[in-house]
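According to this note's numbering, the sequence shown is numbered sequentially starting from 1.
Worksheet: one structure, shown below.
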Amino acid sequence: MIAVSNSSDLCQKENTNSNSLASISNGSLEYSMTTVMRGRRQSENLSRRNSSRRSRDSRISNGEVTEAVTLFEVISIGKRAIQSVVDDWIEAYQEDRDAALLDLINFYIQCSECQGVVTAEPFQNPKDRNIMQKLTEEFDEETGLQFKKFMAYPWILTITWPVNMDTEYYPLIRPGIYWKKFRSNFCEFTAVLIQQCQYSVIYDGYLLNTIISLLLGLSDSCVRAFRHTSTLSAVKLLTALIRVILNLDINIDNSNRLYEVEKKRADLKRINPRLEQLDKKRKKLQQRRREIEDMMDALLKGTFLQRYRDVVSEIRALCIEEIGVWMKMYPRTYLNDSYLKYVGWMLHDKVPEVRLRSLVALQGLYEKKDLVNKMDLFTIRFKDRITSMTLDKDHEVSVQAMRLLVHMLRNCEDVFTNEDCETLYQFVYATHRPLAAAAGEFLYIRHLGPRTQTINVQRTENSEHKIRQLKKLLDFFLESKLHEHVTYLVDSLWDCTPGFLKDWQCMTSILLQDATEERVGLSTIQENLLVELMLATVRQAVEVHPPVGRGATKKVLSAKEKKTQLEDRERITEHFAGTIPLLLAKFSTNPEKAINLLQIPRYFHIHVYFEPRMEKHLEALLKQMKSIAISHSDPEVLEACSKTYSILSNENQNGQNSQVSLSKRELIKHLVDTYSQMLDDVLQEGEEPITAEDVHPMSCTLKRLAAFHNAHNLSQWDLYQKTSEVLLFDIQRQRLPAELVLPALQCMYYAILWQLLPMLEDPHTQEELSLYATRVKSFCPLCRKYLGHKDRTVREQAFLCLCDLLMLLHCRGGRVLCCVDSELESELLSFVTRHVFQGEKEKDKVVSETDEDMTLVILHRKRMLLAVYCKLITSSVVTMSAVAEVYKQYMKTYNDFGDIIKETLSRTRQNNRIESAKTLVLCLKQLFLEHREAHDSATQSSSSFTNIKELARRFSLTFGMDHVKYRESIAMMHKQGIEFAFKEPATEDSLPPPNMPFLILISEFSSKLLRADKRLVYGYLQRFANEQMMLCKGAGWHPLVVYSNSLLDNPDEESSSCGSYFSRDRVISSTPHYLKRKSIYEHGPGRGPMNKNAFDDQNSHYPTKSKKQNAHHLHPSEGTVSLTSGLLSNKIKSQNTAVDENNEDVDVD
């Protein structure tokens, strides 16, 4: 009997069991003493080494070099090549196969993290009929050890381990690079071992029989570590045997052919010794093949068929992964419906990793045309399941399912119906980019790609085939009814069809063809879409990152991708430099096409575009842009033209810069002169009414100037003065329409911003500063007057200009002062209240019934107005108390503006906690007073009071669970709430104060008080609620009772709540010992108010040491809170005083 142990302590405990096991067979002691002694020496050495295994593992993980003794240590360290390790073991096996085999057995046990004893004894009595009954796994209650005895022929192995062994954290599932490499080495060891032994050792009837018996015995263990490790080794062993049998098939085939050749030669001779040798060799190879097949069959039935449905998902996953490898390597045996059904069943597994491995396994099969022919029945049976997995909740599973469908589409004929394809096409608009890219490949192959291979590859780029492809793509996009997602469609198709989408010459040739040509016949909608598609492909080629929503950050490009990006940008510049002017000339009257075409020059390679050879193209482009700017009045077209001018003038630093700048100056001068002439005509008309013929051209000119002033500094033309005359004329006469006032207001705003920039960055004189301040002071009153304009666009523009300017001047204005007085704050607040929360309700209802898109536009506009105003509050431009009116709308408008209001509350609290808390109380006060006025009394049964209470609860939730952080704010809210509740006296002595129900609202914040602060607040309450009030009963006094109970945490305190505040002895006598020791107030003679020093003295009663180690200590900036009748004073104690909340019997979370 030879014992290979992993723990010297367990060896001593197992002496009795080992001796009893020795009597199983009569031949167990017939081994030579040399073998036994060698095994014992190895066992002792292993015991010494493994007794300090944990410390050794830590040294290995820390990167220290450790001397390797066993196979497990060698594989774990990974310093030597697996090939040399296997060669050394084979040499040891040939010298002494028993010792080497026991070392291999010990290796598999150690890989399972077993800290027990492995006892091996030879099985030499096959007549023992009771042997199978003894091969069990059982638990010994006396020793607390678990035993597993199984046959590993010719050995009977007994593994003993403690029951409390940690089987959930073994090497195969440990995280980290080190253990990932160990798993790789473990799998490689099995493969290399079989590879090196495939010509001799594996046929000795000893090595593989023992290993297979060991793995089969461990694979049915209830211990997860044994089961996982043995299953992994078994399936890898089967994979290695498949490689062996493939080599045998080649050798057998070669031997058969040599035998047939030699047999034909032997017909002329009677005796042919070579023929007999070949026949013997052939039969030997066939015998070996049968042996390998038997081993493979045993491994398949003993491991895979049992473990593919294991409760551990990792075991199920590796089984499915390996059977996919077997089907691909050896389809003659494994690629049939009998084995495919297991993969199909695992597509329904509840664990994503198992479903993922099943899909990956099927991909390896469907990507080969010759294997697909054997999978017809499987394809029909599981196609619907694979299609539905594109909607899997796990992103990676859905991606692999789509890729599998792509392989099926390539190699399976007529497997998808039109309904299936229509469903899968829509995934090109998915937000997850890998899924969208796989769907794009599916779309291209099925819908856009060539159906046959007879297409002439030498066709020109303007061939009918490519034109048909473009038309199919345009029709598909139009039919999908997602007309704003062409960028996402291009991104989905980009990886699989870069050449098709980069065929800009074909696109431009289609757009530039004569209207009389019927070769393509695109409709107006298709032309608009083709221009948009062309812009999207140009943007994708230059920016090389997915659109918004498909990637958190920009992609880091490799050197190859950067080279491709540069080449594409040069191609775009070379091609579109000449075609963009032609396209603009053709489609200049179409705003949609003009907007998209004007964006393409932004992606030019500037250095290439401004080369001398491109000068004529630049002149043509500038000519067309000037023509578009003069002829169009659409804001989007003008904005696109202005931005293109800006990019060309800013990027170019060479001689051509003067050409772009000159063209821009000529354009601006023309516009300014035209506007000046029109302005003079309007001002000279005096009292005569302004006709539409006068207004429209002047309005268009102002729109053009406003669009260019937004991106360009036009201060040299002094547009501020010219546009201010229009607004002053309108204020005096009230005769100008909104289409003229709106662009004039925008021009004035842009002029002020462009003048502010040099004031902040460059040195300036006092005169310049004075002039700028004068203009600001004249612009703000203009905006304030237009806040009440009858036209919605004008008043909203005035509001946005005024708010943005106030914000900018407050944050970066330097010495430029802009005082926000109370009157201006009131006007801004009134505007938000009327036009965001109350205004246009009836109109919104009518619009919502007719046009949902318009409803969203109106909601977006209101959200923008509210966000701008809230930004003023959070930046301290407007006093924080103004936000109380916004908070009042929180419950009513939660769905539309709840996120903005919550963010405002969070930002204001970060700025000033105390003022933010006061604002919340002010909001509740105003709502309470409105409620009382509406009902003539503060009734608590109405729905309005319930809504106010719910609002208070929502406010309370915003303070979170950090009570110490906000203790001063919460205490101050209670103080102000108590003062407000008792502010107005009762009309009769028996009636409560009219504001008493306000205590119900403040009680929502009692849960946020610390235990000590609750007593402080309760003491402050007793100053207003005398003894008689505390004893009063009735519905009117119910809020006082509720609020008092929210401040008291136990029955003793509740019983003492009716006691007299003015008698300290009564309070102390009716409270427990810890309350006596922590009395929160001292009364002065004559019932005077509690003085501050007295409260400071009371703080000395707090213990300086907590009962627990994790007691909460106050930060030096947050001291005890003292409540006085006049104000809330925040006292900061410099000593290291700790408030022990555990002593207060309250769990402060």
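Note that the Cβ used here is the ideal one computed from N, Cα and C, for glycine as well.
Task: residue 531 to residue 428 span [Cα, whole Å] - done: Here residue 531 is taken as the residue at index 531 of the sequence shown, counted from 1. Here residue 428 is taken as the residue at index 428 of the sequence shown, counted from 1. Answer to the nearest angstrom: the Cα atoms are 20 Å apart.
Task: 4-residue-minimum alpha helix (DSSP H) runs that sit fully inside the segment 759-831, ordered along the chain - done: 766-786, 792-812
TODO: Give the C-beta separation of residue 1040 and residue 996 to the nearest angstrom, bearing in mind that I take them to be a contact with Cβ-Cβ under 8 Å.
DONE: Mapped onto the sequence shown, residue 1040 falls at position 1040. Mapped onto the sequence shown, residue 996 falls at position 996. That belief holds up - the Cβ atoms of residue 1040 and residue 996 are roughly 6 Å apart, short of 8 Å.
- [ ] Please classify residue 1150: is it buried, with 16 or more other beta-carbons within 10 angstroms of its beta-carbon, or exposed?
- [x] Outside the displayed range of the chain (1 to 1149) lies residue 1150, so it cannot be described from this structure.
Task: Where the alpha helix (DSSP H) containing residue 475 begins and where it ends - done: In the sequence shown, the residue the question calls residue 475 occupies position 475. Here the alpha helix (DSSP H) through residue 475 covers 464-480.
Open item on the list: By alpha-carbon positions, which one of 754, 723, 680 ends up nearest to residue 711?
Closed with: Within the sequence shown, the letter at position 711 stands for residue 711. That would be 754, whose Cα lies nearest to the Cα of residue 711.
- [ ] Could you tell me which uninterrupted alpha helix (DSSP H) segments, each at least 4 residues in length, are contained entirely in the segment 570-658, listed from first to last along the chain?
- [x] 591-599, 606-609, 615-631, 635-651
Open item on the list: Within 10 Å of its beta-carbon, does residue 579 have 16 or more other beta-carbons around it, so buried, or fewer, so exposed?
Closed with: As a position in the sequence shown, residue 579 is number 579, starting the count at 1. The residue in question, residue 579, is buried, as its Cβ has 16 or more Cβ neighbours within 10 Å.
TODO: Go ahead and label residue 1156 buried or exposed: buried means 16 or more other beta carbons lie within 10 angstroms of its beta carbon, across all protein chains shown.
DONE: This structure cannot speak to residue 1156, because the chain is shown only from 1 to 1149.
Task: Alpha-carbon spacing of residue 1046 relative to residue 1001, whole angstroms - done: The sequence position of residue 1046 within the sequence shown is 1046, counting from 1. The sequence position of residue 1001 within the sequence shown is 1001, counting from 1. If you take the alpha carbons of residue 1046 and residue 1001, they lie about 12 Å apart.
TODO: Can you have a look at residue 228 and say buried or exposed, based on whether 16 or more other CB atoms are within 10 angstroms of its CB?
DONE: Within the sequence shown, the letter at position 228 stands for residue 228. It counts as buried.
Task: Limits of the alpha helix (DSSP H) - the one that residue 1037 falls within - done: Position 1037 of the sequence shown, counted from the first residue, corresponds to residue 1037. Taken as a continuous stretch (DSSP letters only), residue 1037 belongs to no alpha helix (DSSP H), as it is neither H nor E.
Open item on the list: In this structure, how does DSSP classify residue 141 when only helix, strand and coil are distinguished?
Closed with: As a first step, residue 141 must be located in the sequence shown, where it is residue number 141. Here the model assigns residue 141 a pLDDT of 47, short of 50, so the residue's position is not dependable and the matter cannot be decided.
- [ ] Check residue 81 in the structure and name its three-state DSSP category.
- [x] Numbered from its first residue, the sequence shown carries residue 81 at position 81. If DSSP states are grouped into helix, strand and coil, residue 81 belongs with coil.
Task: 6 Å Cβ shell around residue 1009 - same chain, five flanking residues per side excluded - done: Taking the sequence shown and counting its residues from 1, one reaches residue 1009 at position 1009. Contacts found: 970.
Open item on the list: For a test of the three-state rule: what should DSSP assign to residue 528, helix, strand or coil?
Closed with: Along the sequence shown, one-based indexing puts residue 528 at 528. If DSSP states are grouped into helix, strand and coil, residue 528 belongs with the helices.
Task: Chain-order list of residues whose beta-carbon lies under 7 Å from that of residue 415 (same chain, five-residue window excluded) - done: Working through the sequence shown from its first residue, we reach residue 415 at position 415. The residues are 379, 383, 408.
Task: Opening and closing residue of the alpha helix (DSSP H) in which residue 978 lies - done: Working through the sequence shown from its first residue, we reach residue 978 at position 978. First-last of the alpha helix (DSSP H) with residue 978: 967-981.
Open item on the list: Whole angstroms are fine: how far does the CA of residue 823 sit from the CA of residue 750?
Closed with: Counted from its first residue, the sequence shown places residue 750 at position 750. Counted from its first residue, the sequence shown places residue 823 at position 823. Each residue's Cα considered, the two are about 25 Å apart.
- [ ] Buried or exposed for residue 976, please, with buried defined as at least 16 other CB atoms from any protein chain shown within 10 angstroms of its CB.
- [x] Position 976 of the sequence shown, counted from the first residue, corresponds to residue 976. Under this definition residue 976 is a buried residue.
Open item on the list: Helix, strand or coil for residue 198? Go by DSSP, reduced to three states.
Closed with: As a position in the sequence shown, residue 198 is number 198, starting the count at 1. Looking at residue 198 - three-state DSSP - the assignment turns out to be coil, as it is neither helix nor strand.
- [ ] Along the alpha helix (DSSP H) that carries residue 346, what are the first and last residues, could you check?
- [x] Numbered from its first residue, the sequence shown carries residue 346 at position 346. Looking at the DSSP string, the run of the alpha helix (DSSP H) that includes residue 346 is 337-346.
TODO: Helix, strand or coil for residue 554, going by three-state DSSP, please let me know.
DONE: Within the sequence shown, numbered from 1, the residue matching residue 554 stands at position 554. In this structure, residue 554 counts as coil in the three-state DSSP scheme.
Open item on the list: Assuming contact is defined by CB atoms lying nearer than 9 Å, are residue 904 and residue 879 in contact in what I supplied?
Closed with: Taking the sequence shown and counting its residues from 1, the one referred to as residue 904 is at position 904. Taking the sequence shown and counting its residues from 1, the one referred to as residue 879 is at position 879. No, these two residues do not count as a Cβ contact at 9 Å.
Open item on the list: Using the three-state DSSP reduction, which class does residue 294 fall into: helix, strand or coil?
Closed with: The sequence position of residue 294 within the sequence shown is 294, counting from 1. Residue state, collapsed to three classes: helix.
Open item on the list: Please state the DSSP three-state secondary structure of residue 86.
Closed with: Locating residue 86 in the sequence shown gives position 86, counting from the first residue. Of the three classes helix, strand and coil, the one that applies to residue 86 here is helix, per DSSP.
Open item on the list: Pairs of beta-carbons, one from the segment 631-650 and one from the segment 592-605, closer than 8 Å: are there three or more?
Closed with: yes
Task: Exposure of residue 492, with buried meaning 16 or more beta-carbon neighbours within 10 Å - done: Reading the sequence shown from its first residue, position 492 is the one you call residue 492. Residue 492 should be labelled buried.
TODO: Thinking residue 245 and residue 177 are a contact (beta carbons under 8 Å), I'd like their distance in whole angstroms, please.
DONE: The count along the sequence shown starts at 1 and reaches residue 245 at position 245. The count along the sequence shown starts at 1 and reaches residue 177 at position 177. At roughly 35 Å, the Cβ-Cβ gap does not stay under 8 Å, so residue 245 and residue 177 are not in contact.
TODO: Kindly list the residues whose CB is nearer than 7 Å to the CB of residue 837, restricted to its own chain and excluding five residues on each side of it in sequence; keep chain order.
DONE: Taking the first residue of the sequence shown as position 1, residue 837 is located at position 837. Taken in chain order, the residues that qualify are 889, 893.
Task: Between the CA atoms of residue 215 and residue 200 - distance to the nearest angstrom - done: Numbered from 1 along the sequence shown, position 200 holds the residue referred to as residue 200. Numbered from 1 along the sequence shown, position 215 holds the residue referred to as residue 215. Between residue 200 and residue 215, the C-alpha separation is close to 22 Å.
TODO: Give the C-beta separation of residue 231 and residue 319 to the nearest angstrom, bearing in mind that I take them to be a contact with Cβ-Cβ under 8 Å.
DONE: Here the question's residue 231 lines up with position 231 in the sequence shown. Here the question's residue 319 lines up with position 319 in the sequence shown. About 7 Å separates the two Cβ atoms, so the contact holds.
Task: When 356, 567, 417, 403 are compared against residue 397, the one with the closest alpha-carbon - done: Taking the first residue of the sequence shown as 1, we reach residue 397 at position 397. Considering only alpha carbons, the answer is 356.
Open item on the list: Considering only their Cβ atoms, is the gap separating residue 746 from residue 696 smaller than 9 Å?
Closed with: Your numbering for residue 696 matches position 696 in the sequence shown. Your numbering for residue 746 matches position 746 in the sequence shown. No; because the gap between Cβ atoms is not below 9 Å, this pair is not in contact.
Task: residue 527 versus 1022, 586, 327, residue with shortest Cα-Cα distance - done: Taking the sequence shown and counting its residues from 1, one reaches residue 527 at position 527. Here the closest residue by C-alpha is 586.
TODO: Return the residue from the list 96, 381, 364 that minimises the CA-CA distance to residue 406.
DONE: Against the sequence shown, residue 406 aligns to sequence position 406. Comparing Cα positions, the closest option is 364.
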